[in-house]
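Asks: To convert, note that position 247 of the sequence shown is 248 in the UniProt record's numbering; the numbers rise steadily by one, no gaps.
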Amino acid sequence: TQAPVNVTVTGAAGQIGYALLFRIASGQLLGQDKPVRLRLLEIPQAVKAAEGTALELEDGAFPLLAGIDIFDDAKQAFEGTNVALLVGARPRTKGMERGDLLEANGGIFKPQGEAINAGAADDVKVLVVGNPANTNALIAKAHAPDVPAERFTAMTRLDHNRAIAQLAKKLGVPVTEVKKMTIWGNHSATQYPDIFNAEVNGTSAAEAVGDQAWLENEFIPRVAKRGAEIIEARGASSAASAANAAIDHIYNWVNGTPEGDWVSMGVPSDGSYGVPEGLISSFPVVCRDGSYEIVQGLEINDFSRAKIDASVAELSEERDAVRKLGLV
Ligand code: NAX
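(1) Which one or two residues does DSSP pair with S265 in a beta bridge?
(2) Alpha carbon to alpha carbon, how far is K49 from L66? Give it in angstroms, no decimals.
(3) Cβ of Q297 versus every heavy atom of the ligand COA: is any distance shorter than 8 Å?
(4) Pick out whichever of R40, I221, G114 has its Cα sitting closest to the Cα of K171.
(5) Going by other Cβ atoms of all chains shown within 10 Å of its Cβ, with 16 needed for buried, is Q46 buried or exposed?
(6) To the nearest angstrom, how far is the alpha carbon of V313 from that of E59?
(7) Residues in its own chain within less than 7 Å of A166 by CB, not counting five upstream and five downstream?
(8) Name the DSSP beta bridge partners of D101, please?
(9) Per DSSP, what are the beta-bridge partners of R38 in this structure?
(10) Taking all protein chains shown into account, do 16 or more other C-beta atoms lie within 10 angstroms of the C-beta of R40, making it buried, or fewer, making it exposed?
(11) Please state whether the Cβ-Cβ distance between A122 and V268 is less than 9 Å.
(12) Please report how far the alpha carbon of Y19 lies from the alpha carbon of G120, in whole angstroms.
(13) Return yes when at least one heavy atom of the ligand NAX lies under 8 Å from the C-beta of R324, else no.
(14) Just to confirm, does residue 410 get its C-beta within under 8 Å of one of the non-hydrogen atoms of the ligand NAX?
(15) Comparing alpha-carbon positions, which option in S283, N198, E230, E300 lies nearest S179?
(16) Drop a sphere of 10 angstroms on the beta-carbon of M97, count the other beta-carbons inside from all chains shown, and report buried for 16 or more, exposed for fewer.
(17) Quick check on F79: does DSSP put it in helix, strand or coil?
(18) Let me check understanding here. Comparing Cα to Cα, which of A26, K76, A51 lies closest to P64?
(19) Exposed or buried, which one is A214 when buried takes at least 16 other CB atoms within 10 Å?
(20) Quick one, are the C-beta atoms of L128 and L86 less than 9 Å apart?
(21) Below 8 Å, can you find three or more Cβ-Cβ pairs linking the segment 284 to 298 to the segment 251 to 271?
(22) Mind checking whether the beta-carbon of A141 lies closer than 8 Å to any heavy atom of the ligand NAX?
(23) State the Cα-Cα distance for the pair W185 and I69, rounded to the nearest angstrom.
(24) Excluding the five sequence neighbours on either side, which residues of its own chain have a C-beta within less than 6 Å of the C-beta of A105, listed in chain order?
(25) Which residues share a DSSP beta bridge with K180?
(26) Please report the distance separating the alpha-carbon of E278 from that of E57.
(27) Buried or exposed: L326, going by 16 or more other Cβ atoms within 10 Å of its Cβ?
(28) Does the ligand NAX have a heavy atom nearer than 8 Å to the CB of H144?
(29) Which one or two residues does DSSP pair with G186 in a beta bridge?
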């Protein structure tokens, strides 16, 4: 049998953590042949709640779950970790300015980047879920100079999955018929879900829709503001769907993307599509053998160009703001 893969989950006692941990334990993160050892990180006040979740995980008698350890210290939590899911973050509270939010999150993601740099396994893969996800990933990356930069990623897979679902619904097709969806830019309201490069039943999704007004006035805002729609309906933010997207992100990164399709990931830009190098921006990527590549050569029309540029401008502003704070 294989040695267990160490998976660290921060914010383990939160609502995404609760939905995520059972799916990891059941083998859905990495595959049914891979035992996992969970390392949970929480703030001291939430350790007891994380211990409660660990009791329930034990009660699942999951064949692939080799052990659970709980920490309130980042250095220990990331020791030997192969997969790091950075879910815990400081939410924006009433009256908080963007600068305050970035600074508070810097206080979390800087030490976590340092801890990953100091102790994680050589093959560590990092996914930042906690918002502002792209910029939090940028901060963590900046403090882990010994870890290859491309191992720091941010989650836009929930947006990607939402876009697939909305498009499939509009066209009355199963979600499996929608391929090559792309989310560009920031995981924020400026994100751009691109259907011009997407395919439905092997033909252009934009042509199949044939309705620019629907695209501009319904589809794009619906996907970008879906988080608010969920809060309005559920009285709490997306949790199970976010956990599902985190599972999808890591599963594809580790096990590859299907032939003839791609996924969206927030990854450090190499300058592709005019996105300034180093910014963590969402791109279409293909995964193979445990690594990913940005899909090259896609046609970007004027409409898409303007949308991508606006979201990337927001990412540049966030980077400038954390630079000013000395966080990157
Ligand atoms: P919760 O507030 O339920 O849980 C967050 C947990 O993180 C809490 O238990 C808290 O104690 C813990 N925490 C705080 N600081 C920590 C630290 N320094 N180390 C370890 N743990 C820490 O939030 P939840 O609904 O689970 O959401 C978690 C994050 O995901 C939020 O930042 C949220 O905005 C973000 N989301 C990101 C999404 C994405 O697509 N990228 C979608 C869903 C979600 O909104």
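No residue lacks a Cβ here, since even glycine has one placed at the ideal position from N, Cα and C.
Replies: Judging by the given coordinates:
(1) P285
(2) 20 Å
(3) Among the ligands modelled here, namely the ligand NAX, the ligand COA does not occur.
(4) Residue I221 is the option with its Cα nearest to K171.
(5) exposed
(6) 44 Å
(7) So the list reads V176, once near-sequence residues are dropped.
(8) None; D101 has no bridge partner.
(9) N7, G68
(10) buried
(11) no
(12) 26 Å
(13) Because no heavy atom of the ligand NAX lies under 8 Å away, the Cβ of R324 does not count as near it: no.
(14) No information on residue 410 is available, as it lies outside the stretch 2 to 329 that the chain covers here.
(15) Checking the sequence, you will find Val at residue 179 rather than Ser. Checked all of S283, N198, E230, E300; the closest Cα to V179 is N198.
(16) Classification of M97: exposed, given that the 10 Å Cβ count is below 16.
(17) coil
(18) A26
(19) It counts as exposed.
(20) yes
(21) yes
(22) No.
(23) 36 Å
(24) R91
(25) Answer is E200, bridged to K180.
(26) 44 Å
(27) By the neighbour-count criterion, in which a residue is buried when 16 or more other Cβ atoms sit within 10 angstroms of its Cβ, L326 is exposed.
(28) No, the Cβ of H144 stays beyond 8 Å of every heavy atom of the ligand NAX.
(29) S283
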